[in-house]
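In what follows, a single structure is set out as structure tokens and then discussed.
There are 2 protein chains.
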Amino acid sequence: VSSSPRLFSFIGGTAGSWCVTAVHEVIGETLPIVARLQVAVNDVPHAGAWSLRGISSNDRYVIREEKTALASKQEGLGRSDSILAALIPIRKTPGWWLLTQDERRDIFEAQSHHIRVGMQYLPAIARKLHHCRDLSPHEPFDFLTWFEYAPTDAAAFDELVRVLRTSPEWAYVDREVDVRLIKAGESSEH
Amino acid sequence: VSSSPRLFSFIGGTAGSWCVTAVHEVIGETLPIVARLQVAVNDVPHAGAWSLRGISSNDRYVIREEKTALASKQEGLGRSDSILAALIPIRKTPGWWLLTQDERRDIFEAQSHHIRVGMQYLPAIARKLHHCRDLSPHEPFDFLTWFEYAPTDAAAFDELVRVLRTSPEWAYVDREVDVRLIKAGESSEH
């Protein structure tokens, strides 16, 4: 059975096609600074300082109307001018996970406008969400979000993460690291 | 950090505290018939014919009002008179997983009354759901549901699964096996 890979490893070390430009400690324990990041399919043996795994899964909050609107605006990863990227691992509090679906959706969208805010930055900021929480009982994060954008959209990306971090949803984030990257062999004007 | 175990293995073979009384092929490929079932915490090395893993996770569909109602009626696993059990592994179709949250909730509860039907059998039928789909990209099932009940409630349990299997939700089930069990060392009158 051939299908798109669902499981990815983000390996921080000395190898990989992304150069690490910054590792920001946002909330809680940070990650060791590394020179390079490798994005690999599946779990792979590695010699990196750290490796974070995530699996793509079904949508948890988006409703049909939102999905249709997102699909009409968003573009995929790998655009040639998207030489900048960010890997943002996040863990939510035990209290978040005890909330019911309607309570989480209310905080996520009605209070925090997570989908609506993200949509304002499409198609400039491409995004892919990887889930970690149900890979095992011992994952260090609940989600890994990967973003790609052009240098001309770097300020917009900073604004996007700043807006989300001040939302009510972020009261339920107890660990967050922000890893900034530039494609190896590329140069940025900004 | 001490917390309740989330990951369990259900090992079919010749060992374990549950005797297998039947393995019913419901939809798609069945599982090999075994004599015993062992329920173990975490992934453990085993000599069984098969092992299915599942992880407990956050609620996906239940809203606060339903959770409160469920909590007021349900009882836990391990009741001394609940000498019968069932392990029902289920896989849903790719089409199910492409639906949005509102569409899945609509089929699950508005159309199929999954929560409302299950509630009618509380506290007699105790239930625990384990998720598999996001453990890896290669799990044979999406969910494992474990049920425990007394012999006097065996007919009610048969009715519960029969009602759910005729619901619109079940059009999205493409593999289902029904493993029936009795606690080893116990005898049943029924």
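If you read the protein sequences in the order shown, they are chains A and B.
At the far end of the first sequence sits residue 190, using my numbering, and the numbering has no gaps.
At the far end of the second sequence sits residue 1190, using my numbering, and the numbering has no gaps.
Virtual Cβ for every residue (Gly too), placed ideally from N, Cα, C.
Cβ-Cβ separation between B/E1025 and B/V1177: approximately 7 Å, consistent with a contact (criterion under 8 Å). Along the region 84-107 of chain A, the positions whose C-beta sits under 9 Å from a C-beta of chain B are P94, W96, W97, L98, L99, T100, Q101, D102, E103, R104 and R105, read in chain order. The alpha-carbon of A/V20 is positioned some 14 Å away from that of A/F147. B/G1054 is positioned such that its CB atom lies no closer than 9 Å to that of B/D1174. For B/D1174, the nearest beta carbon of chain A is not closer than 9 Å to its own beta carbon.
For B/L1031, the closest C-alpha among the options B/W1050, B/V1044 and B/H1113 is that of B/W1050. Residue-level contact check: A/H131 touches chain B, since one or more beta carbons of chain B fall below 9 Å from its beta carbon. Across the structure, A/S56 and A/P5 are spaced so that their CA atoms are roughly 9 Å apart. For A/L87, the enclosing beta strand (DSSP E) begins and ends at L84 to K92.
Taking one beta carbon from each stretch, the region 119-132 of chain A and the region 1090-1097 of chain B have fewer than 3 pairs nearer than 8 Å; the two do not touch. The alpha-carbon of B/V1161 is positioned some 22 Å away from that of B/G1012. Straight across, the Cα-Cα distance linking A/F8 with A/P137 is about 18 Å.
Separation of the CB atoms of A/V62 and B/Q1120 is rounded to 32 Å, and the pair is thereby denied contact status at 8 Å. Within the region 51-70 of chain A, the residues whose Cβ lies closer than 7 Å to some Cβ of chain B are I55, S57, N58, D59, R60, Y61, V62, I63, R64 and K67, listed in chain order. Taking a Cβ-Cβ cut-off of 7 Å, the neighbours of A/D134 in chain B comprise I1055, S1057, H1131, D1134 and L1135, given in sequence order.
In this structure, the straight-line span from the alpha carbon of A/L99 to that of B/A1171 is close to 29 Å. Per DSSP, the continuous alpha helix (DSSP H) segment holding B/H1114 begins and ends at H1114 to Q1120.
Not one beta carbon of chain B lies nearer than 9 Å to the beta carbon of A/R127.
From the beta-carbon of A/R6, the residues of chain B found nearer than 7 Å are P1137.
Taking C-beta separations shorter than 7 Å and ignoring five residues to either side along the sequence, the partners of B/R1105 in its chain run Y1061, following chain order. Less than 9 Å divides the Cβ of A/V23 from the Cβ of A/V34. Your pair A/E75 and A/A150 does not check out as a contact, with CB atoms roughly 11 Å apart and the cut at 8 Å.
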